[in-house]
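**Student:** The opening position of the sequence shown corresponds to residue 0 in numbering that gives the first Met the number 0, with each subsequent residue numbered one higher.
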Amino acid sequence: MQRGVLKVCLRTTDSTVNTSEIAKAYGGGGKRSSSSFTLRMDEFNIWTSVNS
0 MQRGVLKVCL RTTDSTVNTS EIAKAYGGGG KRSSSSFTLR MDEFNIWTSV
50 NS
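(1) Please report the Cβ distance between residue 29 and residue 18, rounded to the nearest whole angstrom; I am assuming they are in contact, meaning their Cβ atoms lie under 8 Å.
(2) Thinking C-alpha only, which one of 21, 48 and 31 is nearest residue 37?
(3) Output the boundary residues of the alpha helix (DSSP H) element that contains residue 30.
(4) Evaluate residue 3 with the Cβ neighbour count: other Cβ atoms within 10 Å of its Cβ, from every protein chain shown; 16 or more gives buried, anything less gives exposed.
(5) So the candidates are 48, 1, 6 and 47; which of them puts its Cα closest to the Cα of residue 26?
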């Protein structure tokens, strides 16, 4: 993993949640119950301040 890059892993046991759709919105992918994407730390800082 590159310095300054965060890997976000999504997992769920709730069959109504599709984690791959969330990951796809951020350029990642995976399966319905388990997916991931990467985010630069500067993007993460903006993302957390907007979503908090």
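Note that beta-carbon positions come from the ideal geometry of N, C-alpha and C, so glycine has one too.
Just so you know, these numbers come straight off a predicted model, no measurement behind them.
**Tutor:** So, to answer that:
(1) 6 Å
(2) 21
(3) Taken as a continuous stretch (DSSP letters only), residue 30 belongs to no alpha helix (DSSP H), as it is neither H nor E.
(4) exposed
(5) 6
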